[in-house]
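Chains as they are written, first to last, in this note's numbering: chain H, 1 to 280; chain C, 281 to 602. Reviewing the structure listed below.
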Amino acid sequence: MKSALAHARYVLGDNVVTAFAFGMFALFLVMAAVGPWIVPYDPLANGPNPLEPPSSRHWFGTDQTGRDIFSRVVAATQLDFAIAFASVALAFGAGTLAGIAAGFFGGWWERIIGRMVDTIMAFPLFVLAMGIVAAMGNTIFNIVLATGIINFPIYARVARAEANVIRNAGYIEAARIAGYGETRILFTQILPNIMPIMVVQISLTMGYAILNAAGLSFIGLGVRPPTAEWGIMVSDGANFIQNGQWWIAAFPGLVLMLAVFCFNLLGDGLRDMIDPRRRT
Amino acid sequence: MTPAAPLLEVKNLNVEFRTRAGTVKALERVGFSIGKGEAVAVVGESGSGKSVTAYAVMGILDRAARVTGGKVAFGDLDLLQASETDLADIRGREISMIFQNPRAALNPIRRVGDQIADVLIRHGNVKRADAPAKAVQLLATVGIPDPARRAGAYPFELSGGMCQRVMIAIALACDPQLLIADEPTTGLDVTTQAVIMDLVMELGRRRGMAMMLITHDLGMALEYCNRVVVMHAGHVVETAPTAELFRRPRHPYTAKLIAATPRPGTALRALASIPGAMPNLRNVSIPPCRYSPRCERFGSDCERPLPHFGEGGRMVSCWNPV
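In structure tokens form, the structure reads like this:
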């Protein structure tokens, strides 16, 4: 554990971009953890000064009902991150397990899981997510489920391809010779060896999941107003851009972009930390 | 030399590979035995079926392969009939194996000490808490300096020779009765080869372990093994105690192999070579003696089904032995 921490410090010190991404990620995590309790205004309460541009009183300005946009943006982090984490966890768990089983066992496993993945991939993914939420009702659970389902093929495919390669590695044979059963090999040899690649996928799809959840809310199929959520806020603000009131949509959009950017940068750094072969 | 009840007995083993281009009869009526504590070399050129034999014994043949007949007796147990669970229990505890590419045979993202401990725990030889200490002890046994520190190393941090020592430590962790060494020193440089082989033999002798050494190096067979099994194109062509085999080879193929082995004091030019190549085993019409197309002693007898002449621990499968 101690050496893992020392290694993490080394990776961060060695790579400025990674350190920056982790710093930004930490900031987002703090916002998600305590955001709603530290913001200057109640994110849901209407204020006396609607449509006020950014000022020292309202850093990001106010929206059409006088709510403080800064407070709303910070408070929304919790919900957006929770949806993204939950859906990625779902897709990661189900996709990785299905993928390594398909890649390692082959045969029927591979055929069934392969066709499942093909079916999901046959839809435009955002439209599929819209369909799922529209059919099942727009609750947060259904948003998580829909986002998880559209991310499932990414994990299943990568895991299948990797397991297929590792299946023939010498150490798998060696494990078999040491008396390991197939299931044990799957979990103790295959899974740990594809983890570095899967972790990079996590950070990539995490950004995608946040975008997807915000996108659903943007078109009215996600979280409902007046809840503070980045997609809803961008959607609200879109009506006012033509009148010159750009700040309502711009700030939540900017934070959304930063969050996705942060996750994309995170991938490389995480792989460096997890894959021992990169230690030198 | 051969005790009454052999440890491992392979009888009439047939293995086929199904490929797109047809069925390959990789092993045909392969038979030999290994006694308790005995070191037996299996020699032959590439593709002669040495490794396939080992994999068949271990029950880890490729999916395309099929055992179409024969018997592999390990003690009282027929390994070909045993359940997958029984086999898994035997592998690593009763029969172990080391390979020619040790680095590939180690899990790249686990520390080597943990990998040794895994095997110990898997077969329940030690308590979970004691496994790491036992692993360090095993690393010391195989001659790795500073074993406590090396236990924390990843395979890519060790040299090829070191990796093979780790593999040996894993293979010997549970004191198996039989070690199958599949060209264990092929990937190593010459000085390391000798050191590794001496180590394996020494540790094996101390434990009374039998060994099946798969090699194409006749010198190694001569130096380390009690008996030699010569294979060619999926047949066992000759079996004999090592000294006798080298003094008086009976099968023409064996004789050629020995003549083709470089020795100190002979010019390289004087080395024999064997004309032709092994027959294509996909052909439907392979002659009964698969060496006959390359054989200088080929005669009309050779069209008949192969004999197995045996006397005093020797066996030769040829109508016109030398």
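Using N, Cα and C, we set each Cβ at its ideal position, and we do this for glycine too.
According to DSSP, is residue i helix, strand or coil?
i        : result
Leu211/H : helix
Arg639/C : The first residue shown for chain C is 281 and the last is 602, placing residue 639/C beyond what the model contains.
Leu551/C : coil
Pro585/C : coil
Ile166/H : helix
His512/C : strand
Arg67/H  : coil
Arg371/C : strand
Ala26/H  : helix
Thr227/H : coil
Ile378/C : strand
Leu438/C : coil
Gly269/H : helix
Asp462/C : strand
Leu51/H  : coil
Thr62/H  : strand
Pro283/C : In this prediction, Pro283/C has a pLDDT of 47, which is less than 50 and means its spatial position is unreliable; what the coordinates show is noted afterwards. If DSSP states are grouped into helix, strand and coil, Pro283/C belongs with coil.
Leu357/C : strand
Lys536/C : helix
Glu576/C : coil
Leu341/C : coil
Comparing C-alpha positions only, which one of the options sits nearest to residue i?
i        : options                                : result
Thr534/C : Ile554/C, Thr303/C, Asp455/C, Leu483/C : Ile554/C
Thr421/C : Leu468/C, Gly355/C, Ala449/C, Asp398/C : Ala449/C
Pro36/H  : Arg67/H, Phe20/H, Ala76/H, Met24/H     : Ala76/H
Ile166/H : Leu211/H, Ile202/H, Ala102/H           : Ala102/H
Gly288/H : Leu79/H, Ala178/H, Ala6/H              : Here chain H covers residues 1 to 280 and nothing more, so residue 288/H does not appear.
Thr205/H : Ser235/H, Gly179/H, Val158/H, Phe187/H : Val158/H
Ala249/H : Val260/H, Gln242/H, Ser235/H           : Ser235/H
Gly393/C : Val446/C, Ala501/C, Glu374/C           : Val446/C
Leu459/C : Leu493/C, Leu360/C, Gly432/C, Gly404/C : Leu493/C
Arg300/C : Ala353/C, Ala344/C, Gly590/C           : Ala344/C
Val596/C : Ala539/C, Arg527/C, Glu518/C           : Glu518/C
Met195/H : Ala214/H, Asp118/H, Ile100/H, Val127/H : Ile100/H
Pro427/C : Glu437/C, Phe436/C, Val416/C           : Val416/C
Leu128/H : Gln64/H, Glu173/H, Leu216/H            : Leu216/H
Ile396/C : Pro48/H, Ala178/H, Ala214/H            : Ala178/H
Tyr41/H  : Asp63/H, Met24/H, Ala33/H, Phe22/H     : Asp63/H
Thr472/C : Glu308/C, Gln444/C, Ser565/C, Gly404/C : Gln444/C
Arg391/C : Pro425/C, Gly432/C, Lys414/C           : Gly432/C
Leu483/C : Ala523/C, Leu419/C, Leu438/C           : Leu419/C
Ile566/C : Ala513/C, Met338/C, Ala385/C, Arg487/C : Ala513/C
Arg160/H : Met116/H, Val144/H, Glu110/H, Ala122/H : Glu110/H
In or out: residue i buried (at least 16 other Cβ within 10 Å) or exposed?
i        : result
Ser572/C : buried
Pro283/C : Interpretation of Pro283/C is limited by its pLDDT of 47, a score under 50 that renders its predicted location unreliable; no figure is taken from the coordinates.
Trp230/H : buried
Ala451/C : buried
Val17/H  : exposed
Lys305/C : buried
Ile112/H : exposed
Gly137/H : exposed
Trp247/H : buried
Gln361/C : exposed
Trp599/C : buried
Met281/C : At Met281/C the pLDDT is 46, less than 50, meaning the model places this residue with poor confidence and gives no usable figure here.
Ile314/C : buried
Ala26/H  : exposed
Glu576/C : exposed
Gln245/H : buried
From the DSSP secondary-structure annotation, give me the bridge partner or partners of residue i.
i        : result
Ile314/C : Leu288/C
Pro521/C : Arg507/C
Glu296/C : Lys305/C, Arg346/C
Gly590/C : Met595/C
Ser185/H : In the sequence as presented, Ser is not what sits at residue 185/H; that position holds Ile. Answer by DSSP bridge pairing: none, since Ile185/H is not bridged.
Ala321/C : Leu493/C, Val508/C
Val446/C : The partner list for Val446/C (beta bridge, DSSP) is empty, contrary to what the question assumes.
Val352/C : Val290/C
Closer than 8 Å, CB to CB, is residue i near chain A or not?
i        : result
Ser439/C : No chain A is present in this structure, whose protein chains are H and C.
Members of the segment 209-242 of chain H near chain C, C-beta cut-off 8 Å: none
Residues in the segment 400-412 of chain C having any Cβ partner in chain H nearer than 9 Å: Arg402, His403
Contact residues within the segment 491-510 of chain C, judged by C-beta distance below 8 Å to chain H: none
Short-range partners of chain C found in the segment 162-190 of chain H, where Cβ spacing is below 7 Å: Ala169, Gly170, Tyr171, Glu173, Ala174, Arg176, Ile177, Ala178, Gly179, Tyr180, Gly181, Gln189
Against chain H: residues of the segment 461-485 of chain C by CB proximity under 8 Å: none
Interface residues of the segment 27-58 of chain H facing chain C [CB-CB below 7 Å]: none
Members of the segment 382-401 of chain C near chain H, C-beta cut-off 9 Å: Pro382, Arg383, Ala384, Ala385, Leu386, Asn387, Pro388, Ile389, Arg390, Arg391, Gln395, Asp398, Val399
Residues within the segment 360-372 of chain C neighbouring chain H, beta-carbon criterion of under 8 Å: Glu364, Thr365, Ala368, Asp369, Ile370, Arg371, Gly372
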